[in-house]
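Trainee:
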Amino acid sequence: MATVINNTMLDAILADVRPLIGRGKVADYIPALACIPGNKLGIAISTVDGQHYSAGDAHERFSIQSISKVLSLIVAMNHYKEEEIWQRVGKDPSGQPFNSLLQLEMEQGIPRNPFINAGALVVCDMLQGRLSAPRQRMLEIVRKLSGKTDISYDAVVARSELDHSARNAAIAWLMKSFGNFHHDVATVLQNYFHYCSLKMSCSELARTFLFLADRGRAPHLTSPVITPLQTRQVNALMATSGMYQNAGEFAWRVGLPAKSGVGGGIVAIVPQEMAIAVWSPELDDAGNSLAGIAALEKLTRQLGYSVY
Ligand code: GLN
Numbered sequence: 001m002a003t004v005i006n007n008t009m010l011d012a013i014l015a016d017v018r019p020l021i022g023r024g025k026v027a028d029y030i031p032a033l034a035c036i037p038g039n040k041l042g043i044a045i046s047t048v049d050g051q052h053y054s055a056g057d058a059h060e061r062f063s064i065q066s067i068s069k070v071l072s073l074i075v076a077m078n079h080y081k082e083e084e085i086w087q088r089v090g091k092d093p094s095g096q097p098f099n100s101l102l103q104l105e106m107e108q109g110i111p112r113n114p115f116i117n118a119g120a121l122v123v124c125d126m127l128q129g130r131l132s133a134p135r136q137r138m139l140e141i142v143r144k145l146s147g148k149t150d151i152s153y154d155a156v157v158a159r160s161e162l163d164h165s166a167r168n169a170a171i172a173w174l175m176k177s178f179g180n181f182h183h184d185v186a187t188v189l190q191n192y193f194h195y196c197s198l199k200m201s202c203s204e205l206a207r208t209f210l211f212l213a214d215r216g217r218a219p220h221l222t223s224p225v226i227t228p229l230q231t232r233q234v235n236a237l238m239a240t241s242g243m244y245q246n247a248g249e250f251a252w253r254v255g256l257p258a259k260s261g262v263g264g265g266i267v268a269i270v271p272q273e274m275a276i277a278v279w280s281p282e283l284d285d286a287g288n289s290l291a292g293i294a295a296l297e298k299l300t301r302q303l304g305y306s307v308y
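Per UniProt numbering, residue 1 is the first one in the sequence shown, and the count goes up by one each step.
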């Protein structure tokens, strides 16, 4: 008989991975994130047939950081034709840290994919070109997808990142030098930092990203978020590039499309079944949540889930 999901099972998974806390490191290059307690641990699941499960700190909000890169791509997909996006950003894994400049110079300012910083900055540059108020628009979309009207930016985190933005600014300026960045660098960086500073809980993330498990449809919305084909494309990008230089290791251990953030969150998708969100702030060397990956590995093994 198939293993059934319930909150007790999720509690047991969290208890199993809790001993890993202490082996990773909370992100400290954004000073406002360095003060987050490393012992937070949460998991939430939303299923396409309307079930919600959660355990641990699943209802506490944290900085979603690079998980927001999926949301900005979705918004770009709604406002640009396919070829307009993919002539400015690639679809291949980078095998490099998320904030690397190395390949950008070699590849004429075209980022490898939309989930490394360079790629997400190009996507934010696109949004600046077609949205009249990109920050307000993003809030509206996240609030609509999550069903929570009080989701907001963390001004302290956004400010902290702006104060330590040399590398992201360098990435944007390098792309500008190649003609792949059209708007004011400071304005676009500010939008990007705000998107990264969105505060959401595991339970809100699982609901928000459920459309990626359901061919682009969110259960509570009448019109689709993206098309079934775009959903397939986004999941493919998450599977190949969502976990940076550890995408292969993650595919091996977990086997699902996923996107991490340096706040310690990870969203993973089981196509046609569910969206899963985990949170544990301590990171591994690639900037992915250490205990979060372990929790996803246990869960997928128990349930027998993998896209491979
Ligand atoms: N805001 C972070 C940065 O730009 C996001 C990185 C991440 O979550 N991997 O460096």
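Backbone N, C-alpha and C define an ideal beta-carbon position, used for all residues, glycine too.
1. Relative to ligand 1, what is the chain-ordered list of residues with a Cβ closer than 6 Å to any of its non-hydrogen atoms?
2. When the distance is taken between beta carbons, is Ala291 closer than 8 Å to Val26?
3. Hey, could you find the ends of the beta strand (DSSP E) Leu198 is sitting in?
4. Would you call the CB atoms of Thr208 and Ser146 closer than 8 Å?
5. Between which two residues does the alpha helix (DSSP H) containing Val75 stretch?
6. Three-state secondary structure (DSSP) at Glu282?
7. Enumerate in chain order the residues of its own chain whose CB-to-CB distance from Leu101 is below 7 Å, with the five nearest sequence positions on each side excluded.
8. Taking the continuous alpha helix (DSSP H) assigned at Ala236, which residues delimit it?
9. What are the boundary residues of the beta strand (DSSP E) that includes Gly22?
10. Are three or more beta carbon pairs between the stretch 112-121 and the stretch 130-144 nearer than 8 Å?
11. Leaving out the 5 sequence neighbours to the left and right, which residues in its chain are closer than 6 Å to His183 when beta-carbon positions are compared?
12. Pull up the DSSP beta-bridge partners for Ile64, would you.
13. Write down the C-beta distance between residue 314 and Val142 rounded to the nearest angstrom, noting that I regard them as a contact closer than 8 Å.
14. Kindly give me the distance between the Cβ atoms of Asn235 and Pro271, rounded to whole angstroms, as I take these residues to be in contact under 8 Å.
15. Any idea what DSSP makes of Ile266, helix, strand or coil?
16. Roughly how many angstroms lie between the CA atoms of Gly287 and Met243, to the nearest whole one?
17. Nearest to Glu107 by CA position, among Arg301, Ser177 and Ser306, is which residue?
18. Mind checking whether Ala76 and Val123 have CB atoms under 8 Å apart?
19. Considering only C-alpha positions, which residue in the set Ala58, Phe193, Lys144 and Asp150 is nearest to His164?
20. Can you give the beta carbon distance from Ile13 to Ile43, rounded, assuming they're within the 8 Å contact cut?
21. So the beta strand (DSSP E) Gly56 belongs to, where does it begin and stop?
22. From Arg167 to Ser46, what does the alpha carbon distance come to, in whole angstroms?
Mentor: Let's see:
1. The answer, residue by residue, is Gln65, Ser66, Phe98, Asn99, Asn117, Glu161, Asn168, Cys196, Gly261, Val262 and Gly287.
2. By the CB criterion at 8 Å, Val26 and Ala291 fall outside the cutoff.
3. First-last of the beta strand (DSSP E) with Leu198: Leu198 to Met200.
4. Less than 8 Å separates the beta-carbon of Thr208 from that of Ser146.
5. Looking at the DSSP string, the run of the alpha helix (DSSP H) that includes Val75 is Ser68 to His79.
6. Three-state result, Glu282: strand.
7. Closer than 7 Å at Cβ, skipping near neighbours: Ala170, Ile171 and Leu174.
8. Its alpha helix (DSSP H) spans residues Pro228 to Ser241.
9. Counting along the chain, Gly22 falls outside any beta strand (DSSP E), and DSSP gives it neither H nor E.
10. Taking 8 Å as the limit for Cβ pairs, the verdict is that the stretch 130-144 does not touch the stretch 112-121.
11. Residues Asp125 and Gln128 of the same chain have their beta carbon placed closer than 6 Å to that of His183, with the five preceding and five following residues left out of the count.
12. Answer is none; Ile64 lacks a bridge partner.
13. This structure cannot settle anything about residue 314, because the visible part of the chain is limited to 1 through 308.
14. The pair is a contact, with the Cβ atoms about 6 Å apart (cut-off 8 Å).
15. Strand at Ile266.
16. Distance between the alpha carbons of Gly287 and Met243 is about 8 Å.
17. When only C-alpha atoms are compared, the closest one is Ser177.
18. With respect to Val123, Ala76 sits close: the two C-beta atoms are nearer than 8 Å.
19. The residue from Ala58, Phe193, Lys144 and Asp150 with its alpha-carbon nearest to that of His164 is Phe193.
20. Correct: roughly 7 Å between the Cβ atoms.
21. Residues His52 to Gly56.
22. Approximately 36 Å between the Cα atoms of the pair.
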